[in-house]
Ligand code: F6R
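In my numbering, the protein residues as written are 2 to 612.
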């Protein structure tokens, strides 16, 4: 959510910053801007709308300088217009600042500074910080000391980067609640980024700031100080994925690329982790925590959005195989309740980005109460990954499409691996465990088979592209799949969609059904199949149009429903992976046919780092 990039080094910063912004655009695309330091001061160019508008403006204005900062915005305070775009500058234009997060006492600062003559030109909370820096700056003081002094008066969440012609040749960055990292260059360049994608073209060596840290970046490298002003050293991590991973690689959209990457992302999450003979999983991230895990009496899984849907499936898995009671909580609700977290509870946070503000806050609340925490996270080195006591990575590679696809299916496999691991140390037999391992091994090939349905699903999307509403029905393990299918459709195609437990339909939503209501019914052959067939009859009796996702080669549904999507059969606990993939494709094609911007749906951004 909002992207920051900074560069100081021997080269012209403009093209490097724009390239970094391009790789961060998935984090926000309401407006974008850059600020470059050069002999004549700070030169700022910013535009509302997508990055292409900024690129054009930069071509026209040709700003220059070898030190600069840039930003792509997802609006929180103030409309997505040019005055509200970052960077924001001091009244004399000699300090420029970009910011992710929310400054909670911005109005107080604004009132105090306005009273002594400061003029505000935007509606943003960020502008208060740049004027505060100006106000506090005593001539001759280094930029980092003034920024630190200003931040001591600021409340809220931020990742910021600041440059000033009063103290040129450096970038000062600071973090409190919004991710920020330093890219350690090899040829006299130092970079900053809100995630590794911003710096990967120039370096794989990154240093993540902790909350409360601020750092000075210049051509000699970087120096980090903590909240108390003490110099600290933070570990350098190596980014293990390649630039290719964040490029489209011949696909029209990241979403489609990531849907088609699923056979390989599933192989990656399982790689080296399956022990078929023992019916077990080998998970380095939790191996040393077995004594803790054996004391777990209850699990609370917390997450948001698609990750929350994975959590619902995790609940089925853990209860079924490890026989531990599980509750699933929206992280945004959990953090403001007073949850009962007694000894023996494990809080499990699921997050693709590892930076979602609500999930992080829920996790911190659990830690504050002395509860042990575990993470299932994709982005290596992310805040949730670092702050949980232990956990496992998805190794799905960067997910750039705003709609989460491959991360979801990898989350389900990761949860199955964790469940297997806990279950085998409790009630699960080697035979049962072995069956699950074998089913896991077959999954990537089965997903490949589902992907072969792409053109069938595209034709289906053509038939329903004008629909105004969609209903998704599933029962048991297929209910979270119904929720996920509906979420995918609404976020990329803007069609209103609801996911419902199939049997609940008759308690209300059945009133919506007529010949204009497409209903996607998840009907794999499982313990509740016949019950789902009854729900199909009920929809049919009201002339609803049914798209059934089934696993049978041929069945009684063939003549009964309007369309059949046939996916391979696996064990019930893993079947959601195979029934979700066609729903991802359906959402993608519906959005394409309707002309929606699939990778950058309106109002959304990847990685929600504000409340
Ligand atoms: C939906 C989607 C979001 C995220 C949610 C949590 O396609 O991507 O609903 O799942 O914002 O994000 P993470 O998993 O990064 O915590």
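Just so you know, even glycine gets a beta-carbon here, dropped at the ideal spot from N, CA and C.
Between the CA atoms of residue j and residue i - distance to the nearest angstrom
{"i": "residue 326", "j": "residue 592", "result": "39 Å"}
{"i": "residue 395", "j": "residue 406", "result": "13 Å"}
{"i": "residue 250", "j": "residue 243", "result": "12 Å"}
{"i": "residue 363", "j": "residue 179", "result": "15 Å"}
{"i": "residue 431", "j": "residue 318", "result": "17 Å"}
{"i": "residue 579", "j": "residue 371", "result": "38 Å"}
{"i": "residue 517", "j": "residue 320", "result": "39 Å"}
{"i": "residue 182", "j": "residue 512", "result": "52 Å"}
{"i": "residue 257", "j": "residue 586", "result": "8 Å"}
{"i": "residue 369", "j": "residue 359", "result": "15 Å"}
{"i": "residue 246", "j": "residue 398", "result": "7 Å"}
{"i": "residue 276", "j": "residue 589", "result": "36 Å"}
{"i": "residue 88", "j": "residue 340", "result": "40 Å"}
{"i": "residue 43", "j": "residue 122", "result": "17 Å"}
{"i": "residue 282", "j": "residue 263", "result": "20 Å"}
{"i": "residue 147", "j": "residue 365", "result": "30 Å"}
{"i": "residue 355", "j": "residue 301", "result": "17 Å"}
{"i": "residue 627", "j": "residue 332", "result": "Residue coverage of the chain in this structure runs from 2 to 612, which leaves residue 627 outside it and unanswerable."}
{"i": "residue 632", "j": "residue 323", "result": "The chain is shown from 2 up to 612; residue 632 falls before or after that span and cannot be answered."}
{"i": "residue 377", "j": "residue 294", "result": "15 Å"}
{"i": "residue 604", "j": "residue 455", "result": "28 Å"}
{"i": "residue 233", "j": "residue 227", "result": "6 Å"}
{"i": "residue 27", "j": "residue 380", "result": "15 Å"}
{"i": "residue 506", "j": "residue 285", "result": "43 Å"}
{"i": "residue 573", "j": "residue 417", "result": "12 Å"}
{"i": "residue 97", "j": "residue 188", "result": "25 Å"}
{"i": "residue 613", "j": "residue 299", "result": "Outside the modelled stretch of the chain, which goes from 2 to 612, sits residue 613, for which no answer is possible."}
{"i": "residue 52", "j": "residue 419", "result": "41 Å"}
{"i": "residue 576", "j": "residue 570", "result": "7 Å"}
{"i": "residue 606", "j": "residue 38", "result": "29 Å"}
{"i": "residue 541", "j": "residue 561", "result": "8 Å"}
{"i": "residue 170", "j": "residue 451", "result": "54 Å"}
{"i": "residue 101", "j": "residue 6", "result": "11 Å"}
{"i": "residue 342", "j": "residue 335", "result": "11 Å"}
{"i": "residue 13", "j": "residue 229", "result": "35 Å"}
{"i": "residue 453", "j": "residue 482", "result": "20 Å"}
{"i": "residue 400", "j": "residue 598", "result": "17 Å"}
Proximity below 8 Å, CB of residue i to CB of residue j
{"i": "residue 254", "j": "residue 600", "result": "yes"}
{"i": "residue 41", "j": "residue 83", "result": "no"}
{"i": "residue 161", "j": "residue 218", "result": "no"}
{"i": "residue 225", "j": "residue 210", "result": "yes"}
{"i": "residue 21", "j": "residue 208", "result": "no"}
{"i": "residue 384", "j": "residue 361", "result": "yes"}
{"i": "residue 310", "j": "residue 484", "result": "yes"}
{"i": "residue 69", "j": "residue 36", "result": "yes"}
{"i": "residue 105", "j": "residue 156", "result": "yes"}
{"i": "residue 24", "j": "residue 198", "result": "yes"}
{"i": "residue 367", "j": "residue 304", "result": "no"}
{"i": "residue 566", "j": "residue 548", "result": "yes"}
{"i": "residue 584", "j": "residue 307", "result": "no"}
{"i": "residue 461", "j": "residue 564", "result": "yes"}
{"i": "residue 172", "j": "residue 297", "result": "no"}
{"i": "residue 145", "j": "residue 215", "result": "yes"}
{"i": "residue 558", "j": "residue 568", "result": "no"}
{"i": "residue 120", "j": "residue 92", "result": "yes"}
{"i": "residue 95", "j": "residue 165", "result": "yes"}
{"i": "residue 56", "j": "residue 18", "result": "no"}
{"i": "residue 1", "j": "residue 545", "result": "Coverage of the chain is limited to positions 2 through 612, which leaves residue 1 absent and any answer about it impossible."}
{"i": "residue 471", "j": "residue 519", "result": "yes"}
{"i": "residue 107", "j": "residue 47", "result": "no"}
Any non-hydrogen atom of the ligand ADP within 7 Å of residue i CB
{"i": "residue 581", "result": "In terms of ligand content, the structure shown lacks the ligand ADP and carries the ligand F6R instead."}
(message) Count Cβ pairs between the segment 233 to 240 and the segment 259 to 276 that sit closer than 8 Å; are there 3 or more?
(response) no
(request) Please confirm if the segment 115 to 128 is in contact with the segment 62 to 80, defined as three or more CB-CB distances below 8 Å between the two stretches. (result) yes
(request) Would you check if the segment 517 to 529 and the segment 430 to 445 touch, i.e. whether three or more CB-CB distances between them fall below 8 Å? (result) no
(message) Would the segment 528 to 536 count as touching the segment 466 to 478 if we require 3 or more Cβ pairs under 8 Å?
(response) yes
(message) As an exercise, report each continuous alpha helix (DSSP H) stretch of at least 4 residues that is fully enclosed by the segment 362 to 420, in chain order.
(response) 384 to 388
(request) Mind the definition here: the segment 494 to 507 touches the segment 461 to 476 only if three or more C-beta pairs lie below 8 Å; say whether that holds. (result) Short answer: they touch.
(request) Give a yes or no on contact between the segment 132 to 145 and the segment 107 to 120, applying the rule of three or more CB pairs nearer than 8 Å. (result) Cβ pair count under 8 Å is three or more, so yes.
(request) Pick out the complete alpha helix (DSSP H) segments inside the segment 518 to 606, 4 residues or longer, and give them in chain order. (result) Qualifying alpha helix (DSSP H) stretches, in chain order: 530 to 542 and 576 to 594.
(message) Within 8 Å, do at least three Cβ pairs link the segment 304 to 316 to the segment 405 to 420?
(response) yes
(request) With a floor of 4 residues, list each alpha helix (DSSP H) that falls wholly inside the segment 444 to 469, ordered by position along the chain. (result) 455 to 465
(message) If we require 4 or more residues per run, which alpha helix (DSSP H) segments fall completely within the segment 132 to 192?
(response) 144 to 153
(request) Return the chain-ordered ranges of every beta strand (DSSP E) run that is complete within the segment 58 to 106 and spans a minimum of 3 residues. (result) 68 to 74 and 96 to 104
(request) Please list the segments of the beta strand (DSSP E) lying wholly inside the segment 185 to 254, counting only runs of 3 or more residues, in order along the chain. (result) If we require 3 residues or more, the beta strand (DSSP E) runs fully inside the segment 185 to 254 come out as 191 to 194, 206 to 209, 215 to 219, 222 to 226 and 237 to 239.
(request) Please specify which runs of the alpha helix (DSSP H), each continuous and at least 4 residues long, are wholly inside the segment 298 to 339, giving them in chain order. (result) 306 to 318 and 332 to 335
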